[in-house]
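1 is the number of the first residue of the sequence shown in the numbering used here; add one for each residue after it. I have placed the structure first, in the form of structure tokens, so that the comments after it can refer back to it.
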Amino acid sequence: HWTERQKHPIDDVLDRKLIELAKPALEARQPVSIELPIRNVDRSTGAMLSGEVAKRFRHKGLREDTISVKLTGTAGQSFGAFLARGVSFELVGAANDYVGKGLSGGRIVIRPPENTKIVAAESIIVGNTVLYGATEGEAYFCGVAGERFAVRNSGVAAVVEGVGDHGCEYMTGGIVVVIGQTGRNFAAGMSGGVAYVLDEVGDFAERCNMAMVELEPVPEEDDLME
Numbered sequence: 001h002w003t004e005r006q007k008h009p010i011d012d013v014l015d016r017k018l019i020e021l022a023k024p025a026l027e028a029r030q031p032v033s034i035e036l037p038i039r040n041v042d043r044s045t046g047a048m049l050s051g052e053v054a055k056r057f058r059h060k061g062l063r064e065d066t067i068s069v070k071l072t073g074t075a076g077q078s079f080g081a082f083l084a085r086g087v088s089f090e091l092v093g094a095a096n097d098y099v100g101k102g103l104s105g106g107r108i109v110i111r112p113p114e115n116t117k118i119v120a121a122e123s124i125i126v127g128n129t130v131l132y133g134a135t136e137g138e139a140y141f142c143g144v145a146g147e148r149f150a151v152r153n154s155g156v157a158a159v160v161e162g163v164g165d166h167g168c169e170y171m172t173g174g175i176v177v178v179i180g181q182t183g184r185n186f187a188a189g190m191s192g193g194v195a196y197v198l199d200e201v202g203d204f205a206e207r208c209n210m211a212m213v214e215l216e217p218v219p220e221e222d223d224l225m226e
């Protein structure tokens with residue numbers, strides 16, 4: 001029986017504001033552009049907004065970039081989780097773990113500020129387990145990701161400047177482009193999709209789990225024309 005009032009602290013979450021500002025898109029499919037700050041206490045940003053899109057338009061969602069959101073700051077965990085078709089998030093700053101978890105057709109772009117002294121290719125910009133279980137959409141990270149990048153990815157196209165251990169683990173579909181180094185055990189249990197990895201040093205094979213994948217050089221443009 002009821003003994004204690006439950007606390008569901010979601011009345012003031014950032015998504016409430018996003019849903020309000022996105023009403024023209026949600027009610028009349030009109031494009032909207034939104035700019036807001038974000039903090040690391042803002043978790044699962046985009047999930048409730050995407051829920052509203054799904055309620056109205058099912059998985060078909062909205063036209064590309066109908067809801068365009070630019071955020072500035074450091075996002076909390078699960079930024080862009082389950083982001084729906086027609087929703088685009090650009091984050092100027094950085095994010096924590098689980099970015100793009102269950103991505104469902106939306107687009108995520110994360111980059112450092114233009115005036116920063118950070119060298120993106122040498123700096124972590126998103127945390128661990130990014131794009132876990134993502135099924136559709138695009139993700140672009142101007143910087144390095146933590147461990148278990150794109151685990152169980154089944155359809156997302158993603159670009160990142162480096163990943164930690166266990167990248168593309170159990171991946172079944174989609175495309176991942178790593179224009180930098182990877183950690184160990186890359187592609188463990190990977191049964192589908194394609195990963196393009198920049199191997200400037202020539203030691204990627206030592207960090208790749210070869211149990212279920214094969215390594216091939218990217219064909220030269222001249223070879224593709226033949």
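Ideal Cβ placement from N, Cα and C applies to all residues, glycine included.
{"Item": "Going along the chain, which unbroken runs of the beta strand (DSSP E) with 3 or more residues stay wholly within the stretch 185 to 210?", "Value": "192 to 197"}
{"Item": "Can you tell me whether Ile110 is buried or exposed, with buried defined as 16 or more other CB within 10 angstroms of its CB?", "Value": "buried"}
{"Item": "Mapping DSSP to helix, strand and coil, what is Pro24?", "Value": "helix"}
{"Item": "Any idea what DSSP makes of Glu35, helix, strand or coil?", "Value": "strand"}
{"Item": "Here's a check: name, in chain order, each residue in its chain whose Cβ is nearer than 6 Å to the Cβ of Glu147, leaving out the five neighbours to either side.", "Value": "Asn128, Gly164, Asp165, His166"}
{"Item": "Below 6 Å CB to CB, which residues in the same chain sit around Ile108 once its five sequence neighbours on both sides are set aside?", "Value": "Gly80, Phe89, Gly100, Ala139"}
{"Item": "Ile67 and Val32 - do their beta-carbons sit closer together than 8 Å?", "Value": "yes"}
{"Item": "Buried or exposed, going by whether 16 or more other CB atoms sit within 10 Å of the CB of Val119?", "Value": "exposed"}
{"Item": "Can you tell which of Ala94, Ile19, Leu62 has the C-alpha that lies nearest to the C-alpha of Gly46?", "Value": "Ile19"}
{"Item": "Within 10 angstroms of its Cβ, does Tyr196 collect 16 or more other Cβ (buried), or is it exposed?", "Value": "exposed"}
{"Item": "Give every residue of the same chain whose Cβ lies closer than 8 Å to the Cβ of Gly102, excluding the five residues on either side of it in the sequence, and list them in chain order.", "Value": "Ala81, Phe82, Tyr132, Gly133, Ala134, Thr135"}
{"Item": "What three-state label does DSSP hand Ser104 in the structure shown?", "Value": "strand"}
{"Item": "Restricting to Cα atoms, I'd like to know which of Thr182, Gln181, Met190 is closest to Thr242.", "Value": "Residue 242 cannot be examined here, being either before or after the span of the chain that is shown, 1 to 226."}
{"Item": "Only counting the same chain, and skipping five residues up and downstream in sequence, which positions put a Cβ closer than 7 Å to that of Asn209?", "Value": "Asn185, Phe186, Ala187, Ala188"}
{"Item": "Which one of Val69, Pro37, Gln6, Thr3 has the shortest CA to CA distance from Ala22?", "Value": "Val69"}
{"Item": "For a quick check, are the C-beta atoms of Gly162 and Val144 less than 8 Å apart?", "Value": "yes"}
{"Item": "At a Cβ threshold of 8 Å, is Gly105 touching chain D?", "Value": "Of the chains in the structure shown, none is chain D; there is only one protein chain."}
{"Item": "Can you list the beta strand (DSSP E) stretches of 3 or more residues lying completely in the stretch 37 to 98, in chain order?", "Value": "67 to 75, 87 to 95"}
{"Item": "Excluding the 5 residues preceding and the 5 following Leu73 in the sequence, name in chain order all residues of the same chain whose CB lies nearer than 7 Å to its CB.", "Value": "One detail in the question is off: residue 73 reads as Gly in this sequence, not Leu. Taken in chain order, the residues that qualify are Pro37, Ile38, Arg39, Gly93."}
{"Item": "In terms of alpha-carbon separation, which member of Asn115, Pro24, Glu122 lies closest to Ile179?", "Value": "Glu122"}
{"Item": "Which two residues bound the contiguous beta strand (DSSP E) that contains Ile175?", "Value": "172 to 178"}
{"Item": "Report, in whole angstroms, the separation of the C-beta atoms of Gly193 and Asn153, which I expect to be a contact under 8 Å.", "Value": "7 Å"}
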